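Read the structure below first, then the notes.
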Amino acid sequence: RVHKLVLNCCVGESGDRLTRASRVLEQLTGQQPILSKSRLTIRTFGIRRNEKISCHVTVRGDKAEEILERGLKVKEYELRSRNFSDTGNFGFGITEHIDLGLKYDPTTGIYGMDFYIVLKRAGDRVSKRRR
């Protein structure tokens with residue numbers, strides 16, 4: 322069963338492009354995205370430490386399965402074996418958000434994003450909880 326779906330959109334810079342990317346995620350999910358900061362300064366990329374460079378949102382329930390279905394349709398339901406982790410979770414990326422069924426807006430531009438899906442088995446909480 323799908324426990325949660327994390328959508329990550331890394332822009333690599335703060336400012337106007339980041340706010341437009343967060344607006345795309347908000348249109349897609351109906352939730353307010355969280356902005357992530359960079360951990361360290363990389364001068365060749367032109368990013369500084371603690372600069373906001375990406376946004377992500379966590380979706381659960383039926384909405385997560387519906388967005389995942391649209392994302393897998395873009396990938397034509399084919400994933401590589403290296404997309405899957407040892408624990409059974411998997412992730413993939415898409416290059417254009419308009420493939421998910423959103424209208425193209427010239428003021429927004431085109432953004433790619435990463436999907437990461439965490440799967441849970443019924444009764445799995447029993448092994449994780451504290452005694």
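Numbering (the working numbering), first residue to last: 322 to 452.
All C-beta atoms in this analysis are idealised placements derived from N, C-alpha and C, irrespective of residue type, glycine included.
These figures come from a predicted structure and were not determined experimentally.
Whole-angstrom distance between residue j and residue i, CA atom to CA atom
i    : j    : result
A366 : A443 : The sequence given here has Phe at residue 366, not Ala. Rounded to whole angstroms, F366 to A443 spans 43 Å at the Cα level.
I419 : R452 : 47 Å
R344 : V447 : 38 Å
Q353 : V323 : 21 Å
G433 : E387 : 18 Å
G351 : V327 : 14 Å
L423 : R381 : 20 Å
G333 : T428 : 19 Å
E372 : D383 : 33 Å
Where residue i falls, given that 16 or more other Cβ within 10 Å makes a residue buried
i    : result
L400 : exposed
L361 : exposed
I363 : exposed
I374 : buried
I355 : exposed
S359 : buried
Selected residue, minimal CA-CA separation from residue i, among the options
i    : options                : result
L421 : G336, G382, E397       : E397
S426 : G409, R403, S357, R341 : In the sequence under discussion, the amino acid at residue 426 is Asp, which differs from the Ser named in the question. For the residues G409, R403, S357, R341, the minimum Cα distance to D426 belongs to R341.
T416 : C331, E347, N371       : C331
L393 : K441, F436, D445       : F436
D407 : G433, K424, L440       : L440
L349 : K373, T379, G336       : T379
H377 : D383, I363, R450, K325 : K325
L346 : S359, E372, G430, G382 : G430
R336 : K424, G351, L328, S357 : It is worth fixing the name first, because residue 336 is Gly in this sequence and not Arg. Comparing Cα-Cα distances from G336 to each of K424, G351, L328, S357, the minimum goes to S357.
N404 : R450, I438, L339       : I438
Taking contact to mean 3 or more Cβ pairs, one atom from each stretch, closer than 8 Å, check whether the segment 364-382 and the segment 402-411 are in contact.
no
Going along the chain, which unbroken runs of the beta strand (DSSP E) with 3 or more residues stay wholly within the segment 387-432?
411-415
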